[in-house]
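J.: Starting off with a structure, shown below.
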Amino acid sequence: WNWSFGDGAYSNEKYPKHTYMAPGSYTISLTASNAAGSNTLIKNNYIVVTGNTSQAPVAAFSASPTSGTAPLNVLFTDTSTGSPTTWKWNFGDGTSSTQKSPTHAYSTAGTYTVTLTVTNSAGSNTATKTNYVTVTTGTTGTKPV
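In structure tokens form, the structure reads like this:
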């Protein structure tokens, strides 16, 4: 037995198994030999391997507002490309969300770094915006004495 799989791989097994690593059309040939001689069978473009056309997503997001007084409600909008199927937000204050476009309430003054990780069947990607949300202490409206 002499198999050629059309991608540079060969086998001498009677019932070989082969894995194709790249998309394409492959011509298969088998030469069977014994004491009486040999015979070759060729199948042109017999195996067609399609590629994985999906790509990992690219994470991106916006938010509004990105500054204000506490408590500050911020709407985060996912603008990722590549058809993500899951979302993981880290709001920088110890809380997170798995919603696509969540609203988050910042209750403490500070500057927060926000991270979004998106995933699909082809992989994942993370976007980080450092010091993206700034929350200040609200005033009571009372003048100091």
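Going by the UniProt record's numbering, 62 is the number at position 62 of the sequence shown; the sequence numbering is gapless.
All C-beta atoms, glycine included, are put in the ideal place defined by N, C-alpha and C.
1) Could you say which of N131, N34, G138 and Q99 lies nearest to D78 if we only look at CA atoms?
2) How about Y106 and P71: are their beta carbons less than 8 Å apart?
3) Report the start-end ranges of each beta strand (DSSP E) in the stretch 77 to 127 that is 3 residues or longer and not cut off at the edges.
4) Give the range of the beta strand (DSSP E) segment to which G68 is assigned.
5) List the DSSP bridge partners of T136.
6) Go through the UniProt domain "PKD" (1 to 54) residue by residue and report every complete run of the beta strand (DSSP E) that reaches 3 residues or more, in order.
7) Whose CA, out of G92, Y26, Y10 and N12, lies closest to the CA of V74?
8) Let me know if W1 comes out buried or exposed under the rule of 16 or more other beta-carbons within 10 Å of its beta-carbon.
T.: Answer, in terms of the structure:
1) Q99
2) Against a cut-off of 8 Å, the Cβ pair of P71 and Y106 comes out as a contact.
3) 86 to 90, 103 to 106 and 110 to 120
4) S67 to T69
5) T69
6) 2 to 4, 24 to 34 and 37 to 49
7) When each option's Cα is compared against that of V74, the closest is G92.
8) exposed
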